[in-house]
Amino acid sequence: WHLNWGWYRKQGNNNGIPFDNVKPSNSSTPFNPNSDDNKVTSGGSSKPTTYTHLPNSISPTSDWSNALTFTNKNNPQRNQLLLRSLLGTIPVLINKSGTGDQFNKDSEQKWNETDKLEATPG
């Protein structure tokens, strides 16, 4: 037998938060990736999809299929690959509430430096 303390969710009831609680309000503005407020990097040129100083087979997303596989839980590279792929593709969010151009940089900023020559293994 099992005590139901109120927070215990019965098996099969996985609805989570009702949609009505999280849906956008009527006054909200739809996300527009093309607006200047939502742009982190300056446009014009395409971004490279591989690391300059590493083999072309190693890209920010080349190992996602392995990193996201949960069938082989003893794979020591799993978490490493997932974190590297995430950190290499998530841009730094810029706080635009600063003064001047201190928080308005349009250059590409990343959390890792995997694509730098000095950061390569060995």
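Per the UniProt record's numbering, the sequence shown starts with residue 1, numbered consecutively. Think of the CB as a built atom: it goes at the ideal place given N, C-alpha and C, for glycine as much as any other residue. Everything numeric in this text was worked out from a predicted model, so none of it was measured.
Asked, Found
"Beta carbon of Asn-32, beta carbon of Asn-26: below 8 Å?", "no"
"Distance check for Phe-19 and Ser-35, CA to CA, integer angstroms please.", "27 Å"
"Using the C-alpha atoms, what's the distance from Leu-83 back to His-53?", "20 Å"
"Where Thr-29 and Leu-86 are concerned, what is the direct C-alpha to C-alpha distance, given to the nearest angstrom?", "28 Å"
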